[in-house]
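Take a look at the structure below.
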Amino acid sequence: MTRNTDSNDGFTAEERAAMKEHAAELRAAKRRSGKKELEAQACLDKIAEMPDADRVIAERIHALVSANAPELDAKTWYGMPAYARDGQVICFFQPASKFKARYGTFGFNDGALLDDGSVWATSFAVAGLAEADEAFLGELIRRAVSEA
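Residue numbers (this note's numbering): 9 to 156.
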């Protein structure tokens with residue numbers, strides 16, 4: 009697979025844009041200094057800006073995280089909706105439109121307690137969300153924040 013890059017740095021235009029968004033998020037978080045409501049609103053605003061197909065999935069994921077892990081704080085991370093504990097992103101939704109992908113991705117970072125032996129999945133392709141899919145993701149979200 010070839011990567012369409014606009015420069016010699018090896019990053020696509022979409023990847024460079026995501027890094028710039030993350031740098032802006034870090035600067036804004038510093039100015040907000042602990043204003044979780046503003047970070048949560050930034051997350052909701054980012055969801056509202058998405059194309060319809062991504063937005064519908066992102067809204068459902070936001071509801072799933074809110075219902076199954078209310079202790080997580082909504083924020084943006086590289087311009088994507090993310091959910092954090094003590095500032096550490098536990099899970100996130102990468103919309104398909106972010107990197108011109110065929111499907112969105114719901115992923116978990118190191119702080120998620122999903123360990124299962126020596127190999128386990130940390131991200132899932134999301135092209136839609138049926139009731140069974142929501143139940144599956146809801147269980148993963150609960151496990152991710154459970155105390156071992």
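Note that CB positions come from ideal geometry on N, CA and C, so glycine has one too.
Do you know whose CA, among the options, lies nearest residue i's CA?
i: Ile69; options: Val153, Trp128, Glu142 and Lys106; result: Glu142
i: Glu155; options: Ala138, Gly119 and Val127; result: Gly119
i: Leu121; options: Asp81, Val97, Glu47 and Ala37; result: Val97
i: Glu22; options: Ala61, Arg150, Leu46 and Ala109; result: Ala109
i: Asn117; options: Pro59, Tyr111, Met58 and Arg93; result: Arg93
i: Ser105; options: Val127, Ser74, Asp62 and Phe144; result: Asp62
Just to confirm, is the Cβ distance from residue i to residue j under 8 Å?
i: Arg72; j: Val153; result: Note on identity: in this sequence residue 72 is Leu, with Arg being the wrong assignment. Taking 8 Å as the Cβ cut-off, Leu72 and Val153 do not qualify as a contacting pair.
i: Gly87; j: Ala26; result: yes
i: Ser131; j: Gly115; result: yes
i: Ala82; j: Ala48; result: yes
i: Pro89; j: Phe101; result: yes
Assuming residue i and residue j form a contact by the criterion Cβ under 8 Å, report the distance between their Cβ atoms to the nearest whole angstrom.
i: Ala77; j: Ile149; result: 5 Å
i: Pro103; j: Gly112; result: 5 Å
Taking 8 Å as the limit between beta carbons, can you name the residues of its chain near residue i, skipping five residues before and five after?
i: Glu29; result: Thr84, Tyr86 and Gly87
i: Ala75; result: Gly146
Where does residue i land, buried or exposed, given buried means 16+ other C-beta within 10 angstroms?
i: Tyr91; result: buried
i: Lys157; result: Residue 157 falls outside the range modelled here, since the chain spans only 9 to 156, and no answer is possible.
i: Glu33; result: buried
i: Ala50; result: buried
Enumerate in chain order the residues of its own chain whose CB-to-CB distance from residue i is below 7 Å, with the five nearest sequence positions on each side excluded.
i: Met58; result: Ala66, Pro103 and Ser105
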